[in-house]
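Below is one structure, written out as structure tokens; comments come after it.
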Amino acid sequence: HKVVLVVRDPRDIAVSGAHHWKVSVDSFLQDMIKGTNGMRTMGPWFVFMREWLAKYKEFDAVIVRYEDMLQGADSLEKLLNDLRFIVNNQMIAEAYERQSFQNRVIDIIQNGHNYNLGRAFNLRFMRKGVAGDWRNHFTRTAAFDAEVNFGELLSYFKYESNSLWWEEIK
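Those letters in the sequence shown? Residues 16 to 185, by the numbering used here.
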């Protein structure tokens with residue numbers, strides 16, 4: 016059995032978390048840094064991710080970026096190949112389409128009464144389903160805080176190619 020570790024740009028996690036918990040982006044970013052409030056079950060995001068990276072080979076884990084999965088069915092095919100599953104391309108394309116963000120929202124709206132905790136609760140997790148929305152919400156201070164606290168992982172997961180990206184934020 017393999018483990019799939021899905022990673023997401025922590026800056027987008029901060030935006031999503033802020034909307035979910037109805038707090039400011041700066042506030043949720045601090046929660047991610049300190050491991051408080053909405054992040055208390057996993058602790059500081061950097062520590063959580065660093066621990067996974069230290070042990071993922073023990074679990075025979077495959078790491079996939081959320082942002083890559085948004086790029087199309089080829090990303091799902093690559094993941095399935097990494098997991099050594101043999102699935103034909105049509106099945107992969109159908110599964111990818113069925114699990115698209117838009118189709119998940121439609122399914123929750125139509126069938127949410129069958130979901131654990133119901134329609135309204137599950138829809139709280141379905142805001143946009145896009146990558147890079149942090150650019151619309153981050154202040155320069157938030158960007159600097161993200162670089163100071165998550166910069167090593169932003170580079171490791173190829174979200175940024177250098178540590179000066181935050182200087183471009185107004």
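Idealized CB from N, CA, C, for every residue including glycine.
Collapsed DSSP secondary structure at V21 in the structure displayed: V21 falls in the strand class under three-state DSSP.
Residue range of the unbroken alpha helix (DSSP H) whose run includes I121: For I121, the enclosing alpha helix (DSSP H) starts and ends at 116 to 126.
Limits of the alpha helix (DSSP H) - the one that I78 falls within: Segment 77 to 80 is the beta strand (DSSP E) holding I78; no alpha helix (DSSP H) there.
Any 3 or more C-beta pairs closer than 8 Å across the stretch 137 to 145 and the stretch 114 to 123: Yes: at least three Cβ pairs fall under 8 Å.
Beta carbon of G50 nearer than 8 Å to that of W36: Cβ atoms of G50 and W36: not closer than 8 Å.
Inter-stretch contact at 8 Å, needing at least 3 Cβ pairs: the stretch 20 to 35 / the stretch 158 to 170: Between the stretch 20 to 35 and the stretch 158 to 170, the count of C-beta pairs closer than 8 Å reaches three or more; the two stretches touch.
Close beta carbons around Y130, own chain, < 7 Å, minus the five adjacent residues each side: Closer than 7 Å at Cβ, skipping near neighbours: I123, N137.
Neighbour-count burial assignment, G32, 16 or more Cβ in a 10 Å radius: G32 should be labelled buried.
Proximal residues to T207 (C-beta, below 8 Å), its chain only, five neighbours per side dropped: Outside the shown range of the chain (16 to 185) lies residue 207, about which nothing can therefore be said.
Nearest-angstrom Cβ-Cβ length linking L91 and I78, presumed shorter than 8 Å: Contact flag wrong, Cβ pair sits at about 15 Å.
Euclidean distance between Cα positions of Y111 and G87: Rounded to the nearest angstrom, the two C-alpha atoms are 7 Å apart.
Alpha-carbon spacing of T56 relative to L68, whole angstroms: One C-alpha to the other measures close to 18 Å.
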